[in-house]
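Whatever position you read off the sequence shown (first residue = 1), add 29 for this note's numbering. Glycine residues also receive a C-beta, built at the ideal position from the N, C-alpha and C atoms.
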Amino acid sequence: LTQPSGEMIMRYEPTDDVKFYTRFTRGLKGRHFNGNALSDNQSIQPKKAEYVNAFEVGWDTRWFDSIVSWTGAGFFYDYENQQVYQLLDAQTEDGSRGFAVPQLINAKDSRLIGLETDLTLAWEGIRWSNSLGMIYSEYSDFKVLNETIRVDQTTGQEIRTFDVKDYSGNLLVNAPALT
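Written as structure tokens, this is what we have:
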């Protein structure tokens, strides 16, 4: 792991009730391996480290003696080698299909852009709050090569088949468009 990580933040506060910020964060998730492997037929090779460049611009405002507050942020995340799980059929020792197990893989490039905002009214012990989040996400470059190994029951020979799946253009999992 030779690439740097860290965070830079700039803040601007024109008044006590109006605040703005911008943030850049470079994060990483180290190499991991498929700890769910059930047999020698499944890959346990370490996956590449995941990197993310995260850009964020936000605000925090208070109005009418803090009766009304409005906060929010716009953000953009650019992932490199995002670590995701894919459900694959576990193969038994004789090469037949078993049950589905999650296998860790890398999505070469993925992106996420969004906006979240919160409006709160608080007066005389009564508080009303409403939030909205919008996200657009996609795997920009995500191709997976799946290898299947089975044993021919009559000859005893190992048979390998390969299947390439292209998930590029699909939405990221667990990134709902609207919350």
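Within this structure, are the beta carbons of Ser-166 and Ala-136 separated by less than 8 Å?
No, they are not a contact pair.
For Val-210 and Gln-115, what's the separation of their Cα atoms in angstroms?
Residue 210 is absent from the model: the chain starts at 30 and stops at 208.
Run of the beta strand (DSSP E) containing Gly-35, from where it starts to where it stops
Judged by DSSP secondary structure, Gly-35 falls within the beta strand (DSSP E) whose first and last residues are 35 to 44.
Of all the options Asp-45, Ser-34, Ile-142, Glu-79, which has the alpha carbon lying nearest to the alpha carbon of Arg-55?
Nearest option by C-alpha distance: Ser-34.
Please classify Ser-166: does DSSP put it in a helix, a strand, or coil?
Reduced to three states, the DSSP call for Ser-166 is strand.
Work out the CA separation of Lys-194 and Tyr-108 for me, nearest whole Å.
Spanning the two alpha carbons is a distance of roughly 20 Å.
Closer than 8 Å is the cut-off here; do at least three beta carbon pairs connect the segment 139 to 149 with the segment 175 to 187?
Fewer than three pairs of CB atoms, one per stretch, sit closer than 8 Å, so the segment 139 to 149 makes no contact with the segment 175 to 187.
What span of residues does the beta strand (DSSP E) with Gly-56 cover, start to end?
That run of the beta strand (DSSP E) goes 47 to 58.
Which of the three DSSP states is assigned to Ser-139 in this structure?
If DSSP states are grouped into helix, strand and coil, Ser-139 belongs with the strands.
With distances taken Cα to Cα, identify the nearest neighbour of Glu-153 among Leu-207, Asp-94, Gly-59.
Checking every option, the nearest Cα to that of Glu-153 belongs to Asp-94.
Among all the DSSP beta bridges, which residues are the ones paired with Asn-175?
Asn-175 is bridged to Asp-192.
Taking all protein chains shown into account, do 16 or more other C-beta atoms lie within 10 angstroms of the C-beta of Ser-139, making it buried, or fewer, making it exposed?
So Ser-139 counts as buried.
If you draw a straight line from the C-alpha of Phe-105 to the C-alpha of Leu-141, how long is it?
Their backbone Cα atoms lie some 6 Å apart in a straight line.
Can you pull the DSSP bridge partners for Gln-112?
The partner list for Gln-112 (beta bridge, DSSP) reads Asn-135.
Could you tell me whether any Cβ in chain C is nearer than 8 Å to the Cβ of Arg-179?
In the structure shown, chain C does not exist; there is a single protein chain.
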